[in-house]
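Asker: My numbering puts the last residue of the sequence shown at 207; the count rises by one with no breaks. Where a beta carbon is used, it is the ideal one built from N, C-alpha and C, also for glycine.
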Amino acid sequence: MLQISDQANISKYADIEPSVRGTKIIIHDGVMIDSFVKIKPVGGDGDVIIGKNTNINSGCVLYSGNGITIGESVQIASNCTLAPVNHEYQSKEVTIKEQRFMPSRGGILIEDDVWIGANSVILDGAIIRKGAVIGANSLVNGEIEEYSVNVGSPVRKIGERT
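(1) Using a Cβ-Cβ cutoff of less than 6 Å, which residues in the same chain neighbour I28 once the five nearest sequence positions on both sides are dropped?
(2) Excluding five sequence neighbours on each side, which residues of the same chain lie with their C-beta closer than 6 Å to the C-beta of V196?
(3) Run through DSSP, which three-state label would E188 get?
(4) Taking 7 Å as the limit between beta carbons, can you name the residues of its chain near P199, skipping five residues before and five after?
(5) Closer than 8 Å is the cut-off here; do at least three beta carbon pairs connect the stretch 127-134 with the stretch 156-173?
(6) Just to confirm the assignment: which complete alpha helix (DSSP H) runs, minimum length 4, are found wholly within the stretch 95-179?
(7) Assign Q52 to one of three DSSP states: helix, strand, or coil.
(8) Measure the alpha-carbon distance for N186 versus F81 and round it to whole angstroms.
(9) Straight-line CA distance for T207 to S193?
(10) According to DSSP, is K83 part of a helix, a strand, or is it coil?
(11) Of the choices G89, Q144, R145, S123, whose alpha-carbon is the least far from that of W160?
(12) DSSP three-state label for N182, please.
(13) Suppose you measure from the CA of T114 to the CA of Q120; what does that come to, to the nearest Å?
(14) CB-CB under 6 Å to V76, same chain, minus the five flanking residues each way: which ones, in chain order?
(15) Excluding the 5 residues flanking E117 on each side, which residues of the same chain have their C-beta closer than 7 Å to its C-beta?
Encoded structure:
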């Protein structure tokens with residue numbers, strides 16, 4: 046089910062697929078989804094919820110998997126991937142495709158006022174707390190504290206000198 050606010054700005058070149066399995070995709074007021082963004086319900090039955098005034102820039106891919114919740118006023122730079130799903134691969138006797146998916150690690154939660162830099166990958170089980178900054182080319186698969194900066198080096202609090 047697609048539920049897109051009349052107050053959202055979705056590029057005609059964005060690709061938002063409806064679910065064939067009941068996944069909800071909910072896009073709130075003031076959301077901007079740029080050209081060549083792909084939102085695909087696949088790999089689970091989680092919903093994708095995008096909060097008010099969030100911007101998702103060109104080339105981003107969001108898979109529904111085990112669910113994605115994005116808060117308000119989140120900035121996601123170009124070419125980011127949000128993939129709340131993991132393929133199973135333990136058996137050598139069965140192809141990875143046939144093994145399907147691992148159990149959920151909780152989906153992806155991105156709280157309000159977060160900035161995610163270009164080319165970042167956010168995986169199942171990631172929690173990015175309010176006000177955090179994720180530097181370009183980052184991989185997030187765990188919890189990032191509120192108002193911290195993750196730039197591929199030790200995480201620091203916003204305003205803290207290095």
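Answerer: Here's the rundown:
(1) Since the first residue of the chain shown is 46 and the last is 207, residue 28 is not available in this structure.
(2) What you label residue 196 is simply residue 151 of the sequence shown in a count that begins at 1. Answer for V196: G180, listed in chain order.
(3) Within the sequence shown, the letter at position 143 stands for residue 188. Note: E188 maps to strand in three-state DSSP.
(4) As a working note, residue 199 is residue 154 in the sequence shown. At P199 the pLDDT is 49, less than 50, meaning the model places this residue with poor confidence; the figure from the coordinates comes in the next sentence. Around P199: no qualifying Cβ.
(5) yes
(6) 141-144
(7) Residue mapping note: residue 52 aligns to position 7 of the sequence shown, counting from 1. Of the three classes helix, strand and coil, the one that applies to Q52 here is coil, per DSSP.
(8) Walking along the sequence shown from the start, residue 186 turns up at place 141. Walking along the sequence shown from the start, residue 81 turns up at place 36. Roughly 25 Å separates the two Cα atoms.
(9) For the purposes of this step, residue 207 is taken as residue 162 along the sequence shown, with counting starting at 1. For the purposes of this step, residue 193 is taken as residue 148 along the sequence shown, with counting starting at 1. Confidence in T207 is poor, its pLDDT being 48 and thus under 50, which makes the residue's placement too unreliable to answer from.
(10) Taking the sequence shown and counting its residues from 1, the one referred to as residue 83 is at position 38. Strand, per DSSP.
(11) Counted from its first residue, the sequence shown places residue 160 at position 115. Comparing Cα positions, the closest option is S123.
(12) Within the sequence shown, numbered from 1, the residue matching residue 182 stands at position 137. It is coil, neither helix nor strand.
(13) On the sequence shown, residue 114 is found 69 positions in, with the first residue counted as 1. On the sequence shown, residue 120 is found 75 positions in, with the first residue counted as 1. For T114 and Q120, the distance between alpha carbons rounds to 14 Å.
(14) Within the sequence shown, numbered from 1, the residue matching residue 76 stands at position 31. Excluding residues within five positions, the ones whose Cβ falls inside 6 Å are A53, I95, T99.
(15) Numbered from its first residue, the sequence shown carries residue 117 at position 72. Excluding sequence neighbours, E117 sits near G96, K97, N98, T99, D157.
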